[in-house]
Structure formats: structure tokens, C-alpha cells
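Asks: Anchor point for the sequence shown: position 93 equals 93 in the UniProt record's numbering, and the numbering is continuous, going up by one each time.
The C-beta atom is built at its ideal place from N, Cα and C for all residues, glycine as well.
Bear in mind the structure is a predicted one, so any value in this text is a computation, not a measurement.
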Amino acid sequence: MHFSTVTRDMEGEPPGRVYTGPPARPPASAAMGPRCRPGGPALEMGTQPEGPGASCAAAAKAPVKKNAKVAGVSVQLEMKALWDEFNQLGTEMIVTKAGRRMFPTFQVKLFGMDPMADYMLLMDFVPVDDKRYRYAFHSSSWLVAGKADPATPGRVHYHPDSPAKGAQWMKQIVSFDKLKLTNNLLDDNGHIILNSMHRYQPRFHVVYVDPRKDSEKYAEENFKTFVFEETRFTAVTAYQNHRITQLKIASNPFRGDLCPFSLTPGLVTEGSGLQPGLLDVLLKLPSKKSESLRPPHCKDT
Numbered sequence: 001m002h003f004s005t006v007t008r009d010m011e012g013e014p015p016g017r018v019y020t021g022p023p024a025r026p027p028a029s030a031a032m033g034p035r036c037r038p039g040g041p042a043l044e045m046g047t048q049p050e051g052p053g054a055s056c057a058a059a060a061k062a063p064v065k066k067n068a069k070v071a072g073v074s075v076q077l078e079m080k081a082l083w084d085e086f087n088q089l090g091t092e093m094i095v096t097k098a099g100r101r102m103f104p105t106f107q108v109k110l111f112g113m114d115p116m117a118d119y120m121l122l123m124d125f126v127p128v129d130d131k132r133y134r135y136a137f138h139s140s141s142w143l144v145a146g147k148a149d150p151a152t153p154g155r156v157h158y159h160p161d162s163p164a165k166g167a168q169w170m171k172q173i174v175s176f177d178k179l180k181l182t183n184n185l186l187d188d189n190g191h192i193i194l195n196s197m198h199r200y201q202p203r204f205h206v207v208y209v210d211p212r213k214d215s216e217k218y219a220e221e222n223f224k225t226f227v228f229e230e231t232r233f234t235a236v237t238a239y240q241n242h243r244i245t246q247l248k249i250a251s252n253p254f255r256g257d258l259c260p261f262s263l264t265p266g267l268v269t270e271g272s273g274l275q276p277g278l279l280d281v282l283l284k285l286p287s288k289k290s291e292s293l294r295p296p297h298c299k300d301t
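(1) Around the Cβ of Asn189, are there at least 16 other Cβ atoms within 10 angstroms (buried) or fewer (exposed)?
(2) Could you please give the first and the last residue of the uninterrupted beta strand (DSSP E) stretch that includes His157?
(3) Which two residues bound the contiguous alpha helix (DSSP H) that contains Met170?
(4) To the nearest angstrom, how far is the alpha carbon of Leu82 from that of Ser175?
(5) Which residues does DSSP list as the beta-bridge partners of Ala235?
(6) I need the DSSP call for Thr105, collapsed to helix, strand or coil.
(7) Can you check DSSP and say which residues form a bridge with Ala71?
(8) Excluding the 5 residues preceding and the 5 following Lys97 in the sequence, name in chain order all residues of the same chain whose CB lies nearer than 6 Å to its CB.
(9) Please work out which residues of its chain come closer than 6 Å, Cβ to Cβ, to Gln107, disregarding the five sequence neighbours upstream and downstream, and give them in chain order.
(10) Considering Leu251, what are the terminal residues of the alpha helix (DSSP H) in which it resides?
(11) Of the choices Ala62, Pro63 and Asn67, whose alpha-carbon is the least far from that of Tyr218?
(12) From the beta carbon of Glu230, is the nearest beta carbon of chain C less than 8 Å away?
(13) Give me the DSSP bridge partner(s) of Gly146.
(14) At which residues does the beta strand (DSSP E) containing Tyr119 begin and terminate?
(15) Give a yes or no on contact between the region 157-167 and the region 194-203, applying the rule of three or more CB pairs nearer than 8 Å.
(16) When the Cβ atoms of the region 133-147 are set against those of the region 113-122, are three or more pairs found closer than 8 Å?
(17) Within the same chain, show all residues whose beta-carbon is closer than 7 Å to that of Glu85, passing over the 5 residues directly before and after it, in chain order.
(18) Within the same chain, show all residues whose beta-carbon is closer than 7 Å to that of Thr105, passing over the 5 residues directly before and after it, in chain order.
(19) What are the boundary residues of the beta strand (DSSP E) that Tyr218 is part of?
(20) Quickly, what does DSSP pair His205 with across the bridge? List them, please.
(21) Does DSSP classify Phe137 as helix, strand or coil?
(22) Apart from the five residues just before and just after Arg232, which ones in its own chain have a Cβ nearer than 8 Å to its Cβ?
(23) Beta-carbon within less than 6 Å of Glu230's beta-carbon, same chain only, minus the 5 sequence neighbours each way: which residues are those?
(24) Output the distance between the C-alpha atoms of Val236 and Arg212, rounded to the nearest integer angstrom.
(25) For Phe223 and Val207, which I take to be in contact (beta-carbon distance under 8 Å), what is that distance rounded to the nearest angstrom?
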């Protein structure tokens, strides 16, 4: 059985520092809890009271004892060093109408699962704050441009292998390479909808598929949430910081979504998201024909 990206309601919330569980509307066997603003260091989240309408204040006061199937689960972020590099510069992720994959890709290694129990893995994205940003090129920094735009339709992305046994999840790195980000509010492809020029925090959720008929009663106990602050990013339609573009090319030179530019010196195609400073990088490439500097699937624009 496979789960695709599904839609849920996400109400606008004031910024804060309280952690919570996954979003609402999961399958009945793995219902999850409230929605408060994430923040703080990279750590696991799974001790808050859950259920529709549970407040952030209540979450801080009344921890819920987690099911043994998830209590011992731990998660290691893969490519952490690369995420740290991007985070130091201010990570940017491209959003397009058609949907764009993330880079770095969100990948994790799981430990402590019950090998024979079924689990679902999913992700959602929550605003870091209630602000909209703009990039100041003269100072190479992000500035607050105003209040955040109206909240986008909230969505959850289930890993396509969900549900699966703990043994399967733990035996290999789990990659969310199918997840795509879009700024199309009318998207019907199940992509994650984000507002451009807003900051977001990815959240990773491990949900135990409880076989009990009355599993809804135990929904608050059956999940565990993990947040890695180094994965937060600003959604953009074109890269703003040329150093981000340079790092993306240097760390993944044959990525298809970095191909839409001409290698003719002095020419950067409109909408490619490449800043003029990137020409310095391009001009340092070996002197070869343009075709030899791009993978076969990349075409001139």
C-alpha cells in the first residue's frame, strides 16, 4: 500500500518556540496531533499532548508518554555537513509552478524501530515566522519586507514506501527525493505549496501504524517528530544569493534543475535564477563545447 501527498488544513499561527507533532488528517490508524510553530535546535519532538485543537500552551504543560514503538526511534540527518554549508549562507529552495525537487535532498537514517512493526514516514513544512523577506544585493543579506502572505494550503508528503516494516526503513537511507515544492496555489499534483520569499522549516514524522481497532484513542502516543534546524530555507522563484547558486553547482554539478542557462559568456537566460556573479564560476570551467559541460537531458533555452 502506498500513500501519496495529501492535503490538510493549515491555519495561520503566531510565531513561537513550541514543538508539536505532525499535521492533522492522517490515515485513521495513525491520527496525529496539533500544529504549533517549530523552532530551536535540531532535536526530536514527541512529548506533547495531541489532538485537534490542542493549544501550544497545553503542549508545554502536559507531556504525553509515547508508545514504545516510537519512543526509542532516533534519526540521523544525512549530508549534514552539506546542509550546514548551505545554512551558513542562508539556504534557498526553488519553487516553480510545475514543482521543483529540493537540493540538498532531505535524507535520513533511522534507528530504534521495531523491525516487525509497520511505520509511515512523512514530512510537512511550517513557516519559521510571520514575515515576508526580500534580498538586498548591495549587502548580500535578507531583510524583512513585511507581514507574511496568507497561509498556503497545508500539505503532508508521505514517503511512497509507507507503510513499511521497521526493518525495511532501518536497513537503508531514506530519501525524500520525490518531494516537490511549488508556488501554485491551485496545484493538483500533490506537491508541497509554499509562498515565495518566506522561510520554512521542514519537519520529519515517524508514525507507528497501530493495528488496534480503537487506535484513534492512542493517536497522541503513536508518532514522533524530528526537526533539524539546519534544513530550514527561504522559498524563492530564482536564487537570490549567488553564493548559494555556486554551492549548488559545486555540490551537484549535473543536477537537471541547474541546467536552464546558456554557457555563452556574458549571457544568463531570463528566469534561470542565476545571478551575474555566477559568470565568474562559469568562466572558470574547462574550455570545452557547451554540450560537453551539461548532461544529455539538459537543453539550451
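Replies: A quick look at the data gives this:
(1) As a working note, residue 189 is residue 189 in the sequence shown. So Asn189 ends up on the exposed side.
(2) What you label residue 157 is simply residue 157 of the sequence shown in a count that begins at 1. Counting along the chain, the beta strand (DSSP E) containing His157 begins and ends at Arg155 to Tyr158.
(3) Numbered from 1 along the sequence shown, position 170 holds the residue referred to as residue 170. Counting along the chain, the alpha helix (DSSP H) containing Met170 begins and ends at Gly166 to Met170.
(4) Counted from its first residue, the sequence shown places residue 82 at position 82. Counted from its first residue, the sequence shown places residue 175 at position 175. Between Leu82 and Ser175, the alpha-carbon positions lie close to 15 Å from each other.
(5) Stepping through the sequence shown from its first residue, residue 235 is reached at position 235. The partner list for Ala235 (beta bridge, DSSP) reads Met93.
(6) Indexing the sequence shown from 1 puts residue 105 at position 105. Coil.
(7) On the sequence shown, position 71 is the one that residue 71 refers to. According to DSSP, Ala71 bridges with nothing at all.
(8) Here residue 97 is taken as the residue at index 97 of the sequence shown, counted from 1. Here the set comprises Asn184.
(9) Residue mapping note: residue 107 aligns to position 107 of the sequence shown, counting from 1. The beta carbon of Gln107 is closer than 6 Å to those of Glu78, Ile173 and Ser175 in its chain, skipping five residues each way along the sequence.
(10) For the purposes of this step, residue 251 is taken as the residue at position 251 of the sequence shown. As written in the sequence, residue 251 is Ser, which differs from the Leu given in the question. Per DSSP, Ser251 is one residue of the alpha helix (DSSP H) stretching across His242 to Ser251.
(11) Counting from one through the sequence shown, the residue named residue 218 turns up at place 218. Of Ala62, Pro63 and Asn67, the residue nearest in Cα terms is Asn67.
(12) Given the protein chain composition of this structure (a single chain), no chain C is represented.
(13) Position 146 of the sequence shown holds residue 146. DSSP, once it has assigned bridges, lists Arg132 as partnering Gly146.
(14) One-based indexing of the sequence shown puts residue 119 at position 119. Counting along the chain, the beta strand (DSSP E) containing Tyr119 begins and ends at Asp118 to Pro127.
(15) Result no; under three Cβ-Cβ pairs closer than 8 Å.
(16) They do not touch, by the three-pair rule.
(17) Indexing the sequence shown from 1 puts residue 85 at position 85. Counting only Cβ-Cβ distances below 7 Å, and skipping sequence neighbours, we find Leu247.
(18) As a working mapping, residue 105 is identified with position 105 in the sequence shown. Closer than 7 Å at the Cβ level, and outside the excluded window around Thr105, lie Ser175, Phe176 and Asp177.
(19) Numbered from its first residue, the sequence shown carries residue 218 at position 218. It is not in any beta strand (DSSP E) - Tyr218 carries neither H nor E in the DSSP assignment.
(20) Counting from 1 along the sequence shown, the entry for residue 205 is found at position 205. The partner list for His205 (beta bridge, DSSP) reads Leu122 and Thr225.
(21) Position 137 of the sequence shown holds residue 137. Correct three-state label for Phe137: coil.
(22) For this step, residue 232 is matched to residue 232 along the sequence shown. Hits under 8 Å: Asn87, Thr91, Val128, Arg199, Tyr200, Gln201 and Pro202.
(23) Position 230 of the sequence shown holds residue 230. The answer, listed in chain order, is Trp83, Asp84 and Asn87.
(24) Counted from its first residue, the sequence shown places residue 236 at position 236. Counted from its first residue, the sequence shown places residue 212 at position 212. Whole-angstrom Cα-Cα distance: 44 Å.
(25) Indexing the sequence shown from 1 puts residue 223 at position 223. Indexing the sequence shown from 1 puts residue 207 at position 207. That pair is a contact at about 4 Å.
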